[in-house]
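Asks:
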DNA sequence: ATCGTTCATCGCCGATAGGCGATTAAGCCT
DNA sequence: AGGCTTAATCGCCTATCGGCGATGAACGAT
């Protein structure tokens with residue numbers, strides 16, 4: 001992303017990286033989305049929208065909108081199954097999102113990330 | 001926070017915890033704030049608003065507003081020094097924020113957190 | 001007391017977010 | 001074809017965000 005290690009000479013995090021990280025954090029800036037992601041992360045198999053709606057307890061349109069936001073940043077992946085759609089966590093993000101949190105907190109991530 | 005490990009029987013993350021985490025993520029949902037936090041995290045000593053304004057390149061009122069948001073979630077701590085104010089990273093958050101990211105991604109944090 | 005410096009706060013703006021009901025679209029099944 | 005189920009999209013609402021200039025408050029120095 002940047003040969004200098006994502007940090008410019010002035011000691012400021014690369015703007016593009018900051019924007020990417022901010023988009024990830026914004027995707028989780030809502031308690032409902034935090035619950036959805038954490039819920040999906042602990043499920044062995046993918047879940048339908050109906051199941052997620054039942055677990056969350058908000059309107060179907062609302063949950064669908066949250067799922068759209070989560071898929072746009074690829075925290076969550078979709079697969080159409082008949083008339084339903086199965087949502088599951090993106091395992092790549094399970095690794096690289098917490099390491100982004102480390103970077104922001106001043107701990108350069110040692111692991112080879114770039115998958116996300 | 002919850003004897004069952006922050007996760008209810010239905011397999012949903014505790015709403016209060018989700019709200020707290022969401023407020024943390026919302027504080028970093030802007031690229032400028034991501035840059036400010038990462039910048040402060042790599043500084044040995046606290047920085048004045050003027051120095052941060054110079055580094056960021058936005059209006060003083062804008063930076064001040066961002067700093068207010070970051071202090072409200074205690075990612076950043078303030079100390080008045082004469083007519084200036086020195087901002088620095090909250091070391092406790094350096095530990096507990098990435099572990100919150102782990103929790104959301106389905107990895108229960110093993111470390112004893114509760115400092116934040 | 002007055003000025004200069006440093007920073008927070010206010011008011012305004014356009015843009016975005018989050019919730020909902022209603023509607024549309026896409027598959028399945030008779 | 002017709003109806004049923006599932007889920008995305010649309011439109012509307014209010015609320016919050018992010019940017020800015022201008023103003024105000026606190027302090028040090030003269």
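Residue numbers (full-length UniProt numbering), protein chains in the order written: chain A, 1 to 116; chain B, 1 to 116. Don't be surprised by glycine CBs; every beta carbon is placed ideally from N, CA and C.
1) For residue 91 of chain A, count the other beta carbons within 10 Å of its own beta carbon; 16 or more makes it buried, fewer makes it exposed. Which is it?
2) Would DSSP call residue 80 of chain B helix, strand or coil?
3) Chain B beta carbons: is any one of them nearer than 7 Å to that of residue 2 of chain A?
4) How many angstroms separate the CA atom of residue 73 of chain A from the CA atom of residue 65 of chain A?
5) Are the beta-carbon atoms of residue 87 of chain B and residue 34 of chain A separated by less than 7 Å?
6) So which residues of chain B does residue 53 of chain A contact, with C-beta pairs closer than 7 Å?
7) Check the C-beta distance from residue 67 of chain B over to residue 49 of chain B and give it rounded, since I have them as a contact under 8 Å.
8) So what does residue 87 of chain B bridge to, in DSSP terms?
9) Where does residue 38 of chain A land, buried or exposed, given buried means 16+ other C-beta within 10 angstroms?
10) Quick one: Cα of residue 106 of chain B to Cα of residue 96 of chain A, how far?
11) Could you spell out the range, first to last residue, of the alpha helix (DSSP H) harbouring residue 59 of chain A?
12) Please tell me whether residue 79 of chain B has its Cβ less than 7 Å away from any Cβ of chain A.
13) Suppose the cutoff is 7 Å on Cβ atoms and the five residues either side in sequence are ignored; what does the same chain contact list for residue 28 of chain B look like?
14) Going by C-alpha to C-alpha distance, which of B/31, B/101 and B/25 sits closest to residue 118 of chain A?
15) So which of A/47, A/32 and A/108 has the shortest CA-CA distance to residue 84 of chain A?
16) I want to see whether chain B comes within less than 7 Å of residue 13 of chain A, judged by CB atoms only; does it?
17) Going by beta carbon distance, what residues of the same chain come within less than 6 Å of residue 79 of chain B, once the five residues before and after it are set aside?
18) In this structure, does DSSP put residue 27 of chain A in helix, strand or coil?
Replies: Quick answer:
1) Exposed, because fewer than 16 other Cβ atoms sit within 10 Å of the Cβ of residue 91 of chain A.
2) In the structure shown, residue 80 of chain B sits in a strand (DSSP, three-state: E or B).
3) Here the model assigns residue 2 of chain A a pLDDT of 48, short of 50, so the residue's position is not dependable, and the following value carries that caveat. Judged by the 7 Å Cβ criterion, residue 2 of chain A is not in contact with chain B.
4) Roughly 13 Å between the two C-alpha positions.
5) No, these two residues do not count as a Cβ contact at 7 Å.
6) Within 7 Å Cβ-Cβ: nothing; residue 53 of chain A doesn't reach chain B, min ~12 Å.
7) Yes, residue 67 of chain B and residue 49 of chain B are in contact; Cβ-Cβ is about 7 Å, under 8 Å.
8) B/47 and B/78, per the DSSP bridge assignment.
9) Around the beta carbon of residue 38 of chain A, 16 or more other beta carbons sit within 10 angstroms, so the residue counts as buried.
10) In a straight line, the C-alpha of residue 106 of chain B is about 13 Å away from that of residue 96 of chain A.
11) It is not in any alpha helix (DSSP H) - residue 59 of chain A carries neither H nor E in the DSSP assignment.
12) No, because no Cβ of chain A sits closer than 7 Å to the Cβ of residue 79 of chain B.
13) Excluding sequence neighbours, residue 28 of chain B sits near 34 and 37.
14) Residue 118 of chain A lies beyond the residue range present for chain A, which begins at 1 and ends at 116; the question has no answer from this structure.
15) Taking only the C-alpha atoms, the option nearest residue 84 of chain A is A/47.
16) Interface residue, yes.
17) Short of 6 Å from the beta carbon of residue 79 of chain B, and not among the five residues preceding or following it, lie these beta carbons of its own chain, in chain order: 86.
18) Under the three-state reduction of DSSP output, residue 27 of chain A falls in the helix class.
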